[in-house]
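The working numbering numbers the first residue of the sequence shown as 3 and each following residue consecutively.
Accompanying notes for the structure given below.
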Amino acid sequence: QVRLVESGGGLVQAGGSLRLSCAASAVIFDIVTMGWYRQAPGKQRDMVATMRTGGSTNYADSVKGRFTISRDNAKNTVYLQMNSLKPEDTAVYYCNFRTNYTNYWGQGTQVTVSS
């Protein structure tokens, strides 16, 4: 069973930065997209950033210009660099690897931004 293991969350002051990492425990073939989602208390899980196999990216409007998604194919790892963090970015962040057949999710990592 492949697992996605996230790291890098934590507590940061507004204006600060964090870098999230998500590594697969084994090679996943035929990945269509890799991405990050977040869920704040009482809210639905929303897309933050995704990257397709060809390298094209998509960002939520609320994070454009502040967050950057990147990947290391050799390590089956996806990253999310988060700059200029705001209190409204506080949420549990989940990584996602999607193939044509399976949707893999990480366990989530808490990001808390204090004002």
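Even glycine gets a Cβ: it sits at the ideal position worked out from N, Cα and C.
No experiment lies behind these values; they were computed from the predicted model shown.
Report task. Evaluate contact between the stretch 14 to 24 and the stretch 56 to 66, counting only Cβ atoms and requiring at least three cross-stretch pairs below 8 Å. Result -> no
Requested in this report: Please determine, among Pro89, Asn78 and Asn98, the residue with the shortest C-alpha to C-alpha distance to Ala26.
Outcome: Asn78
**Report entry** Nearest-angstrom Cα separation, counted from Ile30 out to Arg60
**Finding:** It is worth fixing the name first, because residue 60 is Asn in this sequence and not Arg. Each residue's Cα considered, the two are about 21 Å apart.
Query - Spatially closest choice to Asn102 from Val34, Gln83 and Ser72, by CA coordinates - result: Selected option, being the one with the closest Cα: Val34.
Query raised in the report: Since Val94 and Gln41 are thought to touch, with beta carbons under 8 Å apart, how far apart are those beta carbons, to the nearest angstrom?
Result: 5 Å
Report task. Rounded to whole angstroms, what's the CA-CA distance from Gln3 to Tyr106? Just pull it up for me. Result -> 10 Å
Query raised in the report: When burial is assigned at 16 or more other CB atoms within 10 Å of the CB, is Ala51 buried or exposed?
Result: buried
Requested in this report: May I ask you to check if the CB of Met84 is nearer than 8 Å to at least one heavy atom of the ligand NAP?
Outcome: Looking for the ligand NAP in the displayed structure turns up nothing, as the structure carries no ligands at all.
Query raised in the report: Which ranges would you report for the beta strand (DSSP E) in the stretch 38 to 78 if only whole runs of at least 3 residues count?
Result: 48 to 54, 59 to 61 and 69 to 74
Query - Proximal residues to Arg54 (C-beta, below 6 Å), its chain only, five neighbours per side dropped - result: Thr35
Query - Cβ neighbour criterion (16 or more within 10 Å) applied to Glu8 - result: buried
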